[in-house]
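Worksheet: one structure, shown below.
Protein chains in written order, with this note's numbering: chain A, -8 to 24; chain B, 203 to 572.
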């Protein structure tokens, strides 16, 4: 099972967290550059 | 003997307590933030917050120290990492800030845009603090200037809802979004210590003890942190699905998982929270490992590759019947084969994986409609 997990994790390596729709404790607007 | 062990534990606990006390001490900087050069923090450390008003003194600098947190990264901008990275300076100068009437610091986006505009056609050094181990590094961003046609496009497609920095971008999109956020927010993570309910939500979702950290939750419900927050959220989602974002320290990747919380409102694992359970520094993967990863990425996901590396001479070897029975036992020889084949060609195993009901890999990016 652990080996299966490793393969699955490899596939997520390039994935990024998109926090733009999250509630956050940050202040001010989200700025795009 | 027992007394020695007891003293050793006591000494260790004392040192942890000291570290924690130090980090909570209003005067000293949290050990996690000390990698940041002091000159980049000076603007915030010297802000007039301490001297302020309304009877409230903000004495704990560790709670207010902020940076431009990366909250979204485009595919092309791989050197920045969403969630973990904070911009704390440009060209070794602090992020320009302005103070509001209450003495709180806010980023001066007009000035920041000017910095990018001034570097059109050049490279800009961006100072980054990472929540992975509290490390500091520099990244270099190529700022490419827009041509006149692009400038016209921007003015026509201006979105009224998008917050404006008050200054036009004279550079092509850099591919990231930021928000001014306290650095401490990135330490609100929950370390999976062990899975304690067989076939419970944690085990079914494939949480890996010691390696995995829950860093977020759907809608940002874990944003405020707190030792009992995860427990409270899980309990409140009894009989419902819950999306958690999990970081794996061995693979250095984040994955979303969906857990179905039962009527008992339990996740089925023990978690650690606090100073000792923050996300550690990424261990450098060996060059061989990186090369292997590149090969894996380039190999298409097809069943054909299963036989691609098998020479024809070995397709039908004269295998004695005894050998078959050995394999059936599934003991040492099979384990050794697996050991030698590990990392050689994962496509066959991956094909099997695709048939199973394990969490699917990330979807292919659709071409942007813009």
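Even glycine gets a Cβ: it sits at the ideal position worked out from N, Cα and C.
- With a beta-carbon spacing of about 26 Å, residue 9 (chain A) and residue 307 (chain B) fall beyond the 8 Å limit used to define contacts.
- Residue contact check for residue 383 (chain B) against chain A: a CB pair falls below 9 Å.
- Listed along chain A are 9, 10 and 11, each with a C-beta nearer than 7 Å to that of residue 274 (chain B).
- Each of B:452, B:472 and B:465 was checked against the Cα of residue 0 (chain A), and the nearest Cα belongs to B:452.
- DSSP, read as helix, strand or coil, puts residue 338 (chain B) in strand.
- Proximity of the segment 400 to 416 of chain B to the segment 374 to 390 of chain B falls short of the contact definition, fewer than three beta-carbon pairs being nearer than 8 Å.
- Beta-carbon to beta-carbon, residue 281 (chain B) and residue 267 (chain B) are separated by about 23 Å, too far to satisfy the 8 Å threshold.
- In this chain, the beta strand (DSSP E) harbouring residue 299 (chain B) covers 299 to 301.
- Residue 311 (chain B) carries a helical assignment under DSSP once its states are collapsed to helix, strand and coil.
- Residue environment: residue 289 (chain B) is assigned as buried (16 or more neighbouring CB atoms within 10 Å of its CB, all protein chains considered).
- In terms of beta-carbon proximity, residue 470 (chain B) stays away from the interface with chain A, with every pair separated by 9 Å or more.
- Under the three-state reduction of DSSP output, residue 2 (chain A) falls in the helix class.
- C-alpha of residue 2 (chain A) to C-alpha of residue 333 (chain B): approximately 23 Å in a straight line.
- Listed along the chain, the chain A residues whose CB falls inside 7 Å of the CB of residue 485 (chain B) amount to none; the nearest CB is some 15 Å away.
- Apart from sequence neighbours up to five positions away, the residues of its chain that approach residue 396 (chain B) with a beta-carbon distance below 7 Å are 411, 471 and 472, ordered along the chain.
- Under the DSSP assignment, residue 265 (chain B) falls in the alpha helix (DSSP H) whose first and last residues are 263 to 266.
- Under the Cβ distance rule, residue 304 (chain B) does not count among the residues neighbouring chain A, no pair being separated by less than 9 Å.
- Taking every protein chain shown into account, the CB of residue 443 (chain B) has fewer than 16 other CB atoms within 10 angstroms, so this residue is exposed.
- Residue 455 (chain B) has a beta carbon lying within less than 9 Å of a beta carbon in chain A.
- Secondary-structure assignment with DSSP links residue 379 (chain B) through a beta bridge to A:23 and B:274.
- Residue 316 (chain B) is outside the set of residues whose beta carbon lies under 9 Å from a beta carbon in chain A.
- For residue 240 (chain B), the uninterrupted alpha helix (DSSP H) run begins and ends at 240 to 247, by DSSP.
- Interface criterion not met: the Cβ of residue 342 (chain B) is under 9 Å from no Cβ in chain A.
- The beta carbon of residue 419 (chain B) sits closer than 8 Å to the beta carbons of 432, 435, 444, 445, 446 and 447 from its chain, once the five residues preceding and following it are set aside; these are given in chain order.
- Counting the other CB atoms within 10 Å of its CB gives residue 279 (chain B) a total of 16 or more, which places it among the buried residues.
- Contact note: residue 450 (chain B) reaches chain A through 0, using a C-beta cutoff of 7 Å and chain order.
- Annotation for residue 318 (chain B): 345 and 373 place their beta carbon closer than 6 Å to its own, counting only its chain and skipping 5 residues before and after.
- Closest in alpha carbon position to residue 438 (chain B), among B:325, B:338, B:463 and B:316, is B:463.
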